Amino acid sequence: GSAISFRASMYLHMVKQYRHSQIGYMLARAGIYETLYHLLSQKTEISSTNQRPVWVNNPGLFQSVKMNSGTYSIRYEELGPDEKSPEVDKDKKYIYGIQDMERWININKMNAEFLEKSELLEEDYVDILLDWIDTDSNEKRNGAETKYYEELNPPYTSKNAPLEFTEELFLLKDYDSELVAKIAPEITVYGNGSVNFNTANARILELLGLEEDLIDIILEFRLGNDGRIDTEDDPWVHDAKDIERTLFEYEPLN
1 GSAISFRASM
11 YLHMVKQYRH
21 SQIGYMLARA
31 GIYETLYHLL
41 SQKTEISSTN
51 QRPVWVNNPG
61 LFQSVKMNSG
71 TYSIRYEELG
81 PDEKSPEVDK
91 DKKYIYGIQD
101 MERWININKM
111 NAEFLEKSEL
121 LEEDYVDILL
131 DWIDTDSNEK
141 RNGAETKYYE
151 ELNPPYTSKN
161 APLEFTEELF
171 LLKDYDSELV
181 AKIAPEITVY
191 GNGSVNFNTA
201 NARILELLGL
211 EEDLIDIILE
221 FRLGNDGRID
231 TEDDPWVHDA
241 KDIERTLFEY
251 EPLN
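No gaps in the numbering here: position 55 of the sequence shown is 55 in the working numbering, and each next residue is one more.
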């Protein structure tokens, strides 16, 4: 009797765990589809030129959404206007919405001139990166192509294609954990290469070559009337052609 009871209890526990895992999986899928829905329909949801998209920060849509026997949330850690990466803190604050990847620099789309001018990478590392993602087999002055990587243990070839994820940088010659950790908060491999004026932080704006006074004006403009980041009154520029006009309306520039 004891053996049967133990065996039955074990099976019930396994079934319960499996059920919970399936519920969690379906909740995660629901969150993904909810995200895709709002991204695909954002154009029809915007009624004015300066209205921000519903996916930016919207607890009503993305916080503790109920679905049958569970809930899901879509969120990311809150950053101040001049922060590069979240601090480790037990009292973390979250933004309930979708974090766009275009708030960072797309390292696949930047040419040598920009990378060197922005000081995101030193010249040697720029050559190594460009050799990894370009389609030819010609080594740049400080770069490395397949010939170098085939002599490693284990050997592999130069990709000659864009990065698919930032961790791929560890495959590159001389790219160690210290270097990758330094640039990781400032780069992405997603998007068309444009940087989102509405969400890029002070460090990214600085890397793009903007002067400190202009960066301060942009960050202040983005706070809206209540002086707080990521709130409903924050203005939003949908077309890059409108940036200059919109900033001039906020504060005349030289």
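Heads up, the beta-carbon is just placed ideally off N, CA and C, and yes, glycines get one too.
Please read all numbers here as calculations on a predicted model, not as lab measurements.
Coarse secondary structure for Val15, derived from DSSP in three states:
helix
What are the boundary residues of the alpha helix (DSSP H) that includes Val54?
Val54: not part of any alpha helix (DSSP H); DSSP gives it neither H nor E.
Could you give the distance in angstroms between the alpha-carbon of Ile23 and the alpha-carbon of Gly70?
7 Å
Look at Asn106 and Val189 and say whether their C-beta atoms are less than 8 Å apart.
yes
Since I believe Phe197 is in contact with Ile243 (beta carbons under 8 Å), could you give me their beta-carbon distance rounded to a whole number of angstroms?
The pair is a contact, with the Cβ atoms about 6 Å apart (cut-off 8 Å).
Unbroken stretches of the beta strand (DSSP E), 3 residues or longer, contained in the segment 85-125
94-96
Select from Gln63, Leu152, Asp216 and Leu129 the residue whose C-alpha is nearest the C-alpha of Lys93.
Gln63
Distance, Cα to Cα, Ser118 vs Trp104?
Those two C-alpha atoms are separated by around 13 Å.
Straight-line CA distance for Glu102 to Leu12?
47 Å
Classification of Tyr25 by the beta-carbon crowding that lies within 10 angstroms, buried from 16 upward:
exposed
Going by DSSP, which residues form a beta bridge with Val4?
Looking at the sequence provided, one finds Ile at residue 4 rather than Val. DSSP output for Ile4 lists no bridge partner at all.
Go ahead and pull the three-state DSSP assignment for Tyr25.
helix
Can you list, in chain order, the residues of its chain whose CB lies under 6 Å from that of Val56, leaving out five sequence neighbours each side?
Gly97
Residue closest to Trp132, alpha-carbon to alpha-carbon, out of Ser158, Leu115, Pro53 and Ala112
Ser158
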